[in-house]
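Asker:
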Amino acid sequence: MFDAVEDIPPGRVSTYGAIGRLVGVGPRRVARALSQGGGAVPWHRVVRADGTAAEPVRVRQLELLAAEGVPVRNGRVDLAAVAWP
DNA sequence: CTACTGACTAATG
DNA sequence: ACATTAGCCAGTA
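Okay, so the first sequence: first residue is 909 according to our numbering, each after it adds one.
Have a look at this one:
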């Protein structure tokens, strides 16, 4: 599952649900995995299905994304434009 | 075993 | 845009 997250290139983002489907697990499982072991993967490239960031990290995450060139508007990522298939 | 929790999602009003 | 509801599934108590 961490592999799937690692594969997200800079400037692109994916969602918990998308990762979950790729790996074959539920989105909550992905969220939990990142919340615990997330230090070694680009967790900031994983956002919610609506493009918002998870509460505990949302400020930091939006900074990192914006720093990578991801279009962020009002704390919301433009998934249609930068979603990783 | 049950009950509750949460970096979630999708549908509905 | 906001609130509610139901589904989801691993951890924890």
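Glycine included, each C-beta is placed from N, C-alpha and C at the ideal position.
Quick one: what's ALA991 bridged to in DSSP?
Answerer: Against the first sequence, residue 991 aligns to sequence position 83. BP columns for ALA991 point to VAL921.
Asker: In its own chain, which residues sit with a C-beta less than 6 Å from the C-beta of TRP992, not counting the 5 before and 5 after it?
Answerer: Counting from one through the first sequence, the residue named residue 992 turns up at place 84. Cβ within range, chain order: ILE916, ARG920, SER922.
Asker: Please state whether DSSP places ARG984 in a helix, a strand or coil.
Answerer: Taking the first sequence and counting its residues from 1, the one referred to as residue 984 is at position 76. The answer is strand: DSSP assigns ARG984 an E or B state.
Asker: How would you write the range of the alpha helix (DSSP H) that ASP911 sits in, first residue to last?
Answerer: The count along the first sequence starts at 1 and reaches residue 911 at position 3. Taken as a continuous stretch (DSSP letters only), the alpha helix (DSSP H) holding ASP911 covers 910-914.
Asker: Sorted by chain position, which residues of the same chain lie with C-beta nearer than 7 Å to VAL980's C-beta, five sequence neighbours on each side aside?
Answerer: Here residue 980 refers to the residue found at position 72 of the first sequence. Around VAL980: LEU970, LEU973, ALA974.
Asker: Is VAL978 closer than 8 Å to VAL967 when the C-beta atoms are compared?
Answerer: In the first sequence, the residue the question calls residue 967 occupies position 59. In the first sequence, the residue the question calls residue 978 occupies position 70. The answer is no: Cβ separation not under 8 Å.
Asker: Return the first residue and the last residue of the alpha helix (DSSP H) that VAL967 is part of.
Answerer: Here residue 967 refers to the residue found at position 59 when the first sequence is read from its first residue. 966-975 is the extent of the alpha helix (DSSP H) around VAL967.
Asker: Compute the beta-carbon to beta-carbon distance between GLY928 and ARG940, rounded to the nearest angstrom, for a pair I have assumed lies under 8 Å.
Answerer: Translated into the one-based positions of the first sequence, residue 928 becomes position 20. Translated into the one-based positions of the first sequence, residue 940 becomes position 32. Beta-carbon to beta-carbon, GLY928 and ARG940 are separated by about 11 Å, too far to satisfy the 8 Å threshold.
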